[in-house]
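Residue numbers (the UniProt record's numbering): 1 to 201. As structure tokens, the structure follows; a few thoughts come after it.
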Amino acid sequence: MSDSKLYIVSTPIGNMSDITLRALEVLKSVDLILSEDTRETDKLLKKYGFSKPQISYRDQNHTRVIEQIKDMLKNGKSLALVSDSGTPLISDPGFKLVRELALENLKLETIPGPSAVTAALSVSGLPTDKFLFVGFLPKSAVQIEKFFEKYSDIDATLIFYESPFRLSKSMQIAQKVLGHRQACVCNDLTKMYEEVVRGSE
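This is the structure we're talking about:
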């Protein structure tokens, strides 16, 4: 099934049974997997009874591995890019890689599947016709306040990632800046102890 291209493969966000048949076919067929964390990818491959050569790919080692990746593609190899969970590039490594390969007209193909962003939106009870995903919140209280001020007038559902250790403080800042709004907090989606809490700030 595979030829010389980079497949961008979505993997489960929690429940390993959520992987698609096509994703498994691709992962079994490629010559090499580019993994955010090879240990996490090993767990997935082991569950489905196969293994593959892997190298770690993160934004931090992009410069060191990009030429090796391009050489492999130019020499007929097929590769897959995976993150630890969900869709690569979505608040995960891969943008630099995909941009550079696209500029050189090397083949790219998406293998769509799970994404925490759309999974959370689908169960939130918030409007889904327009939404804006902005990635991870900044870490300092001052930056978080400026962040919410920037998006205070947006006419869309705002989606962001936040650490559970900072969530309470961040939601207090959101209420201060945004006022009374409907909100939903999702944690461990698709896992045994999934939590979805809806309410108003």
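Note that CB positions come from ideal geometry on N, CA and C, so glycine has one too. Just so we're clear, the structure is a prediction, and the values are computed from it rather than from any experiment.
Considering only Pro12, Lys176, Leu189, the residue with the shortest C-alpha distance to Phe147 is Lys176. Contact between Ala120 and Ile159 holds, since their C-beta atoms are separated by about 7 angstroms, short of 8 angstroms. Assignment of Ser152 by DSSP, reduced to helix, strand and coil, places it in the coil class. Rounded to whole angstroms, the separation of the alpha carbons of Ser124 and Val185 is 8 angstroms. Its chain contains Ser91, Ala116, Gly135, Phe136, Leu137 as the residues whose beta carbon lies nearer than 8 angstroms to that of Tyr161, once the 5 sequence neighbours on both sides are disregarded; these appear in chain order. Ranked by how close their Cα comes to the Cα of Asp188, the residues Ile173, Ser163, Arg181 have Ser163 in first place. Ser29 and Lys150 have their C-alpha atoms roughly 45 angstroms apart. Here Glu36 is buried, its C-beta having at least 16 other C-beta atoms within 10 Å. DSSP lists Phe136 as the bridge partner or partners of Tyr161.
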